[in-house]
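Numbering (our numbering), first residue to last: 58 to 195.
Even glycine gets a Cβ: it sits at the ideal position worked out from N, Cα and C.
Computed from a predicted structure; not experimentally measured.
Notes for the one structure printed next.
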């Protein structure tokens with residue numbers, strides 16, 4: 058392992074985040090990972106090592122870095138009381154369209170475990186809505 062880290066990254070002291078990465082370049086189910094393309098460091102490991110959130114990664118043909126393709130796609134912490142409160146994050150974003158601002162807008166949050174507030178109550182949803190839709194209207 059030390060020899061491989063030194064050969065691939067220049068030192069066996071390579072930070073985990075340089076090796077373990079999140080990358081989503083397209084909306085395709087099967088990604089073509091690329092070490093030269095943008096990616097985000099992830100501190101998590103696979104669930105078998107006790108990590109929650111779980112992020113299972115491996116190398117792919119032509120890569121030295123490991124890219125995650127399985128694990129938790131959604132993580133939430135919910136507090137039940139007079140008012141329900143929750144924080145959550147989705148891996149990457151809510152959209153499968155690379156042109157959408159929500160394609161990768163949660164990737165950094167996911168990679169760092171920085172959960173966003175979840176809005177359960179109508180007034181909160183309306184206050185934070187980006188846009189609304191009514192069936193039959195455009």
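Close beta carbons around residue i, own chain, < 8 angstroms, minus the five adjacent residues each side
i           : result
residue 166 : 146, 172, 173
residue 182 : 176
Per DSSP, cross-strand counterpart(s) of residue i
i           : result
residue 136 : 142
residue 108 : In the DSSP output, where bridge partners are listed per residue, residue 108 has none listed.
residue 174 : 144
residue 186 : The partner list for residue 186 (beta bridge, DSSP) is empty, contrary to what the question assumes.
residue 86  : The partner list for residue 86 (beta bridge, DSSP) is empty, contrary to what the question assumes.
CB contact flag (residue i, residue j, <8 angstroms)
i           : j           : result
residue 97  : residue 164 : yes
residue 102 : residue 90  : no
residue 110 : residue 149 : no
residue 144 : residue 134 : yes
Sequence-distant residues of the same chain with beta carbon closer than 6 angstroms to residue i, five excluded per side
i           : result
residue 116 : 123
residue 151 : 159
residue 65  : 121
Residue nearest to residue i in terms of C-alpha spacing, selected from the options
i           : options          : result
residue 92  : 80, 60, 187      : 80
residue 121 : 58, 154, 185     : 58
residue 88  : 67, 126, 63      : 126
residue 178 : 162, 83, 139, 84 : 139
residue 95  : 105, 107, 82     : 82
residue 168 : 77, 180, 181     : 77
Alpha-carbon to alpha-carbon, residue j and residue i
i           : j           : result
residue 187 : residue 159 : 11 angstroms
residue 141 : residue 189 : 23 angstroms
residue 185 : residue 162 : 16 angstroms
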